[in-house]
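Asker:
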Amino acid sequence: QVQLVESGGGLVQPGGSLRLSCAASGSFFSINAMGWYRQAPGKERELVARITSGGSTVYADFVKGRFTISRDNAKNTLVLQMNSLKPEDTAVYYCNAVNELRAVFWGQGTQVTVSS
């Protein structure tokens, strides 16, 4: 099993920045892709960004140029740097990991609220 713990959420004004972190722990096979998803009230969970163990990245169109995903493979940590935040970025952000057996793991989520 893999445990994922997110941190770094909070309240920020429009145009501000937040940095989300996700720490992976437990006994696990090699983690391949890791990613961030988000879910706003009344909406389905959606991909924000993902990164493979080799460093290839994919971003949702609505965050391109504003968010940056990165990972430290040795420490099994994942970071999402979020800049130029908008009210529509308000959501619970979840860390996701897929191991080499294609098992999928989720964190408990961290709330991000963008409001003046």
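Just add 21 to the spot in the sequence shown (first one is 1) and you have my numbering.
Cβ atoms here follow ideal geometry from the backbone N, Cα and C, with glycine treated the same way.
1) Over the uninterrupted beta strand (DSSP E) stretch that includes Asp93, give me the two end residues.
2) Per DSSP, which one or two residues make a beta bridge with Glu27?
3) Should Leu122 be labelled buried (16 or more other beta-carbon atoms within 10 Å of its own) or exposed?
4) Here's the rule: buried if 16 or more other CB atoms are within 10 angstroms of the residue's CB, otherwise exposed. What is Thr78?
5) How about Ala70 and Ile90: are their beta carbons less than 9 Å apart?
6) Any contact of the region 90-100 with the region 32-44, i.e. 3+ C-beta pairs under 8 Å?
7) Grab the span of the beta strand (DSSP E) containing Gly63 for me, first residue to last.
8) Look up Phe126 in the DSSP assignment and say whether it is helix, strand or coil.
9) Quick one: is Glu65 buried, meaning 16 or more other Cβ sit within 10 Å of its Cβ, or exposed?
10) Could you give the distance in angstroms between the alpha-carbon of Arg40 and the alpha-carbon of Phe126?
11) For Thr134, collect the residues of the same chain with a Cβ closer than 6 Å to its Cβ; drop the 5 residues on either side in sequence, then sort them by chain order.
12) Buried or exposed for Ala124, going by 16 or more other Cβ atoms inside 10 Å?
Answerer: On the basis of the data shown:
1) Mapped onto the sequence shown, residue 93 falls at position 72. Its beta strand (DSSP E) spans residues Phe88 to Asp93.
2) Position 6 of the sequence shown holds residue 27. Note: Glu27 sits in a beta bridge opposite Cys43.
3) Translated into positions along the sequence shown, residue 122 becomes position 101. Exposed, because fewer than 16 other Cβ atoms sit within 10 Å of the Cβ of Leu122.
4) As a first step, residue 78 is located in the sequence shown; it is residue number 57 there, counting from the start. The residue is exposed, with fewer than 16 neighbouring Cβ atoms inside 10 Å.
5) Translated into the one-based positions of the sequence shown, residue 70 becomes position 49. Translated into the one-based positions of the sequence shown, residue 90 becomes position 69. Yes, Cβ-Cβ distance for Ala70 and Ile90 is below 9 Å.
6) yes
7) Sequence index remark: in the sequence shown, residue 63 carries index 42 (1-based). Premise fails: Gly63 is in no beta strand (DSSP E) and is neither H nor E.
8) Residue numbering aside, residue 126 sits at position 105 when the sequence shown is read from its first letter. Looking at Phe126 - three-state DSSP - the assignment turns out to be strand.
9) The sequence position of residue 65 within the sequence shown is 44, counting from 1. Counting Cβ neighbours within 10 Å, Glu65 comes out exposed, since fewer than 16 surround it.
10) Reading the sequence shown from its first residue, position 19 is the one you call residue 40. Reading the sequence shown from its first residue, position 105 is the one you call residue 126. Their backbone Cα atoms lie some 21 Å apart in a straight line.
11) The sequence position of residue 134 within the sequence shown is 113, counting from 1. Within the same chain, Thr134 has close Cβ partners Leu32 and Thr111.
12) Mapped onto the sequence shown, residue 124 falls at position 103. Flag for Ala124 reads exposed.
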